[in-house]
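Start counting at 1 in the sequence shown, then tack on 8, and there's your number in the working numbering. Beta carbons are placed, not taken as given, at the ideal position from N, Cα and C, and that holds for glycine.
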Amino acid sequence: MVASAGAVILFGIAWLNERLSRKPLEQMQLESREAGRFADQSVSHAEVAAALGMSENLSNGWQRLSHKVLHHQLRVNRIVSFLSSSSRFVRQFLQVALLATGAWLVINQFATIGVMIAATILLGRALAPVESAIAGWKSLVDARSSYGRLKKALPEQDNEASTTQLPAPVGALSVENVMFGLIGQERPIINRVSFTLDPGNAIAIVGPSAAGKSTLARLLVGVWKPSTGVVRLDGADISSWPREQLGPHIGYLPQSIELFAGSVSENIARMGEVDSAAVVEAAQRANAHETILRLEKGYDTSVGNGGAFLSAGQRQRVALARALYGTPRLVILDEPNSNLDHEGEAALLEAIRGLKSQGVTIVVITHRTPILAAMDKVMLLRDGAIEKQGALSEIIGPARAKPAEAAAMASKPEASTASVGV
Ligand SMILES: Nc1ncnc2c1ncn2[C@@H]1O[C@H](COP(=O)(O)OP(=O)(O)O)[C@@H](O)[C@H]1O
Ligand SMILES: [Mg+2]
9 MVASAGAVIL FGIAWLNERL SRKPLEQMQL ESREAGRFAD QSVSHAEVAA ALGMSENLSN
69 GWQRLSHKVL HHQLRVNRIV SFLSSSSRFV RQFLQVALLA TGAWLVINQF ATIGVMIAAT
129 ILLGRALAPV ESAIAGWKSL VDARSSYGRL KKALPEQDNE ASTTQLPAPV GALSVENVMF
189 GLIGQERPII NRVSFTLDPG NAIAIVGPSA AGKSTLARLL VGVWKPSTGV VRLDGADISS
249 WPREQLGPHI GYLPQSIELF AGSVSENIAR MGEVDSAAVV EAAQRANAHE TILRLEKGYD
309 TSVGNGGAFL SAGQRQRVAL ARALYGTPRL VILDEPNSNL DHEGEAALLE AIRGLKSQGV
369 TIVVITHRTP ILAAMDKVML LRDGAIEKQG ALSEIIGPAR AKPAEAAAMA SKPEASTASV
429 GV
């Protein structure tokens with residue numbers, strides 16, 4: 009009875025511990041991650057921080073964040089250490105109470121000394137786990153909240169469980185009534201976009217900033233899933249196609265380029281095993297072979313963190329080669345020429361023509377006119393919806409009536425700074 013009463017008290021303390029420390033513990037973890045991210049970001053943006061004199065503001069910002077962490081840590085530590093010392097006290101007190109009760113039983117000849125010793129040892133062993141659970145509660149809460157976050161983040165991936173391997177796509181793209189919005193935002197970013205593209209055809213998506221072009225690109229490659237509607241590649245929903253299977257058939261050049269720390273050839277090989285022949289072939293397809301050879305160590309040049317050792321134009325050309333590595337059937341280029349010079353742009357145009365002749369389906373988002381020469385269709389996106397779409401001549405034709413657009417379209421198409429209707 010003494011042991012049971014003690015166990016009840018200990019479990020009571022454990023329960024109290026859970027009630028009092030969970031919230032602040034979770035809060036503390038959240039804040040400490042936020043502070044860590046803030047510090048990481050500040051370091052990776054050190055250049056602009058130094059140039060614009062932001063260092064002090066950033067370090068103040070980090071201090072504010074870590075103050076919050078410390079504040080919560082203090083609270084949590086107070087609660088946990090108070091409760092764990094209480095539970096240790098209860099356990100030691102229990103040992104004494106048990107010995108006393110045992111002694112009383114032995115004196116009154118209800119039990120033998122052996123029973124008394126055995127009971128004390130047994131109790132100590134039985135209740136030790138409760139006490140250490142309280143002391144180690146922090147890691148338990150940590151694990152549980154991490155598990156919860158993973159579970160929340162991962163359901164999107166569930167549909168990747170499909171085990172039937174689909175044949176390599178040919179490249180027929182069909183976008184059916186796609187809408188995309190973010191939770192908590194009333195206005196969708198992409199609003200009822202539909203179009204189809206046959207293998208070997210190329211479409212240019214043009215439109216003002218924040219029209220939703222890059223968002224549409226992410227939906228087309230399937231890294232984001234439409235809220236309603238579907239993007240199909242060869243008839244199959246692209247967002248539920250297992251990425252490891254689909255990746256080799258997709259070429260994607262994001263607007264933010266995103267190179268990885270490693271060599272040029274590792275980047276082109278998508279950070280996998282470097283197959284030199286395939287890497288060179290991709291670079292040649294992207295018309296970047298000569299540019300890469302001119303780098304200090306050619307294909308073995310290290311690109312630095314995020315490609316920091318390359319110029320913006322070089323980064324873009326390496327990223328284009330990465331997009332064209334392997335056997336891409338659908339290539340999506342988000343402003344691939346934003347940092348290219350005249351020569352780079354000509355190389356890009358040549359690369360697109362080459363891809364088209366191989367029957368690759370191409371989507372190019374662009375602000376510049378020269379590249380339109382290789383396109384079959386043009387789509388003008390505004391506020392997330394298609395304002396116009398059609399063959400190049402249909403779209404550019406009427407625009408001639410508007411002086412601003414006519415100037416951009418009609419005046420020397422090789423002027424690479426000309427903008428498209430915006
Ligand atoms: N990750 C995101 N979180 C919140 N809003 C976003 C995100 N990505 C894009 N947006 C919003 O979607 C709109 C379209 O952005 P984007 O597709 O990048 O435009 P574009 O590429 O045409 O310039 C913008 O208003 C932008 O604020
Ligand atoms: Mg964009």
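Cα-Cα separation, His-297 to Ile-276:
11 Å
Worksheet item: If we ignore side chains and look at the alpha-carbon of each, how far apart do Ser-7 and Lys-364 end up?
Response: Within the shown structure, residues of the chain are numbered from 9 to 430, placing residue 7 beyond reach of any answer.
Comparing C-alpha positions only, which one of Glu-395, Gln-35 and Asp-391 sits nearest to Gly-220?
Asp-391
Roughly how many whole angstroms lie between the Cα atoms of Ser-202 and Arg-195?
18 Å
Thinking C-alpha only, which one of His-80, Leu-107 and Ile-17 is nearest Lys-31? His-80
For Gln-103 and Ile-191, the rounded distance between their alpha carbons | 56 Å
Once DSSP output is grouped into helix, strand and coil, what is the label at Met-124? helix
* Can you grab the Cα-Cα spacing for the pair Gly-315 / Ser-140, in whole Å? => 48 Å
- Query: Roughly how many whole angstroms lie between the Cα atoms of Val-428 and Val-288?
  - Reply: Note that Val-428 has pLDDT 46, beneath the 50 cutoff, so the model's placement of it is unreliable and the number below is only indicative. Between Val-428 and Val-288, the C-alpha separation is close to 33 Å.
Review point. Using the rule of at least 16 other Cβ atoms within 10 Å of the residue's Cβ for burial, across every protein chain shown, is Pro-234 buried or exposed?
Key: buried
Requested in this report: Please classify Thr-299: does DSSP put it in a helix, a strand, or coil?
Outcome: helix
Query raised in the report: Distance, Cα to Cα, Ile-370 vs His-257?
Result: 12 Å
Quiz item: Relative to the C-alpha of Leu-380, which residue among Pro-175, Leu-66, Ser-154 and Ile-211 is closest?
Solution: Ile-211
Inside the segment 203-265 only - alpha helix (DSSP H) runs reaching at least 4 residues: 221-229 and 251-254
ask   = Would a check of beta-carbon distances place Arg-323 closer than 8 Å to chain B?
value = Annotation note: the requested chain B is absent from the structure, which comprises a single protein chain.
*In or out: Tyr-501 buried (at least 16 other Cβ within 10 Å) or exposed?*
Any property of residue 501 remains undetermined from this structure, which presents the chain solely from 9 to 430.
- [ ] Could you give the DSSP three-state label for Asp-391: helix, strand or coil?
- [x] coil
**Prompt:** Is Gln-263 near ligand 2, in the sense that its beta carbon is under 7 Å from a heavy atom of that ligand?
**Reply:** yes
Item to complete: Would you check if the segment 254-268 and the segment 323-330 touch, i.e. whether three or more CB-CB distances between them fall below 8 Å?
Response: yes
Practice item. Use the C-beta contact count for Val-123: other C-beta atoms within 10 angstroms, 16 or more gives buried, fewer gives exposed. Key: exposed
Note to self: Quick check on the burial criterion: 16 or more other C-beta atoms within 10 angstroms. Buried or exposed for Val-16?
What the structure shows: exposed
Can you have a look at Thr-223 and say buried or exposed, based on whether 16 or more other CB atoms are within 10 angstroms of its CB?
-> buried
**OP:** Determine which residues share a DSSP beta bridge with Lys-396 and list them.
**Re:** Leu-388
With a threshold of 16 other CB atoms inside 10 Å of the CB of Thr-236, please say whether the residue is buried or exposed.
exposed
Taking the alpha carbon of Phe-268 as the point to measure from, which residue in Asn-313, Ala-285 and Gly-132 has its own alpha carbon closest? Asn-313
Could you please go through the chain and list the residues whose beta-carbon is closer than 5 Å to any non-hydrogen atom of ligand 1? Ile-197, Ser-217, Ala-218, Ala-219, Gly-220, Lys-221, Ser-222 and Thr-223
Lys-159 versus Phe-101: straight-line alpha-carbon distance, rounded: 42 Å
**Asked** Are the beta-carbon atoms of Trp-23 and Ala-47 separated by less than 8 Å?
**Response** no
task = On a CA-only basis, which of Ile-197, Gly-243 and Pro-207 is nearest Leu-227? Give me that one, please.
result = Ile-197
**Asked** In whole angstroms, what is the alpha-carbon distance linking Ser-12 and Glu-26?
**Response** 21 Å
Secondary structure at Asp-283, three-state DSSP: helix, strand or coil?
coil
Would you mind giving the Cβ-Cβ distance between Ser-67 and Leu-18, rounded to the nearest angstrom? I have them listed as a contact below 8 Å. With 8 Å as the limit, Ser-67 and Leu-18 do not qualify as a contact, their Cβ atoms being about 45 Å apart.
Starting from Glu-358, trace the alpha helix (DSSP H) both ways and give me its first and last residue. 350-365
Note to self: Counting C-beta neighbours from all protein chains within 10 Å, is the total for Gly-61 16 or more, i.e. buried, or is it exposed?
What the structure shows: exposed
task: Alpha carbon to alpha carbon, how far is Met-279 from Glu-351? Give it in angstroms, no decimals.
output: 28 Å
| query | Going by the C-beta, is Asp-342 closer than 7 Å to any heavy atom of ligand 2? | reply | yes
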